[in-house]
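Structure, as C-alpha cells:
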Amino acid sequence: MLQHYEIILVVAAFLLAGLLFFEKKESTKGLIIVKPLLSLLFIVAALLQIHLNMTYFYIVLAGLVLCLIGDVCLIFFFNKKVFTAGLGAFLAGHIMYTIAFFTCGTSGAVLWVTTVACLALSIGVFFWLKPNLGTMMGPVIAYVVIISAMAIGASALKSNPMLDMTGKILVYAGALLFYVSDIFVARHRFVKKEFINRVIGLPMYYTAQFLIAFSTGLI
Numbered sequence: 420m421l422q423h424y425e426i427i428l429v430v431a432a433f434l435l436a437g438l439l440f441f442e443k444k445e446s447t448k449g450l451i452i453v454k455p456l457l458s459l460l461f462i463v464a465a466l467l468q469i470h471l472n473m474t475y476f477y478i479v480l481a482g483l484v485l486c487l488i489g490d491v492c493l494i495f496f497f498n499k500k501v502f503t504a505g506l507g508a509f510l511a512g513h514i515m516y517t518i519a520f521f522t523c524g525t526s527g528a529v530l531w532v533t534t535v536a537c538l539a540l541s542i543g544v545f546f547w548l549k550p551n552l553g554t555m556m557g558p559v560i561a562y563v564v565i566i567s568a569m570a571i572g573a574s575a576l577k578s579n580p581m582l583d584m585t586g587k588i589l590v591y592a593g594a595l596l597f598y599v600s601d602i603f604v605a606r607h608r609f610v611k612k613e614f615i616n617r618v619i620g621l622p623m624y625y626t627a628q629f630l631i632a633f634s635t636g637l638i
C-alpha cells in the first residue's frame, strides 16, 4: 500500500505534467485549474509530517503558504501589478524560510563555501538582468538579496551536527534548487520568454518545495 507521501508525489507528478502542458499552450484557464492544486500539495505534505520542532514547522508552513499565493499570482505573468504582488509573496516566503533555516543553523565550512559561491553567482545574475529591469530594479535587488540569504541559511542549517542528516540534505538541496529555479523565472520575465524556462524551472521549483515541506518531519 502506498504511503501518504508517495500518493502526494504521484499526484504531484501528474499535475506537474498538466502544468507544463498548459504552460506550453499558454492557457490561463488551464493554469488556474492545475497550478493552485499542485502548490497546495506541498502544504499538505508539510501538514502530514510528524513535527519534531514546532517553531521550525510553523515558520516553514508560513513560507509555503506565501509561495502558494505567489504561484497563483504568477499565473497572470503578463500583468505587471500581479507579477509584482507575486514577487512580494515569494519574497516574504523566502524570508520565512531564511528565518527557519537560521534558527536551526550554526557555523561551518559548508556555510562559508556556500556564502562565497552564492554571493558571486547573485552578483553575476543581477548584472545579467540589469539592462532589462527598468522600474523593477528595486524589487529584483531585494529578491536577489533574500533568496541568497535563504540559500546561505540552508547551508547554516546543514552545518548543524545535531540535526538529522536526511533533513539537512532535504533543506540544502531544496534551497539550492529553489535558487536555480528562480534564475529561470527571471530569464523568462526579463531576458527571453520561452518554454524551456518552464521545462527546466518548474520541476526544480516543485522539487524544492516538496523537499522543504518534507524536512518539517525531520528537523
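Everything in the sequence shown is counted per our numbering, starting at 420 for the first residue and increasing by one. Backbone N, C-alpha and C define an ideal beta-carbon position, used for all residues, glycine too. Note that the structure is predicted; figures quoted are calculated from it, not measured.
Return helix, strand or coil for residue i, following the three-state DSSP convention.
i	result
Thr522	helix
Gln628	helix
Glu442	helix
Asn551	helix
His423	helix
Ile542	helix
Leu459	helix
Ile571	helix
Ile451	helix
Leu471	coil
Using a Cβ-Cβ cut-off of 8 Å, state whether residue i counts as contacting chain C.
i	result
Gly557	Among the protein chains of the structure shown there is no chain C, as only one such chain exists.
Closer than 6 Å by C-beta to residue i: which residues in its own chain qualify, once you throw out the five before and the five after it? Chain order, please.
i	result
Gly593	Ala627, Leu630 and Ile631
Ile426	none
Met428	For the sequence presented, residue 428 should be read as Leu rather than Met. So no residue of the chain qualifies.
Thr517	Ala568, Met569 and Gly572
Tyr624	Ser600
Among residues of its own chain, excluding the 5 on either side of residue i, which ones have a beta-carbon nearer than 7 Å to its beta-carbon?
i	result
Tyr598	Ile566 and Ala570
Leu510	Ala561, Tyr562 and Ile565
Ile494	Thr447, Leu450, Ile451 and Lys454
Exposed or buried, which one is residue i when buried takes at least 16 other CB atoms within 10 Å?
i	result
Ser526	exposed
Val544	buried
Asn579	buried
Leu466	exposed
Thr554	exposed
Met515	buried
Asn498	exposed
Met473	exposed
Val532	exposed
Lys500	exposed
Considering only residues of the same chain and omitting the five flanking positions on each side of residue i, which have a CB-CB separation below 8 Å?
i	result
Ala508	Leu485, Cys486, Ile488, Gly489 and Cys492
Which full runs of the alpha helix (DSSP H) of 4+ residues lie inside the stretch 475 to 531, going along the chain? Correct list: 499 to 522.
In the stretch 574 to 635, which residue ranges form an unbroken alpha helix (DSSP H) of at least 4 residues, counting only runs that do not cross its ends? Qualifying alpha helix (DSSP H) stretches, in chain order: 584 to 605 and 614 to 634.
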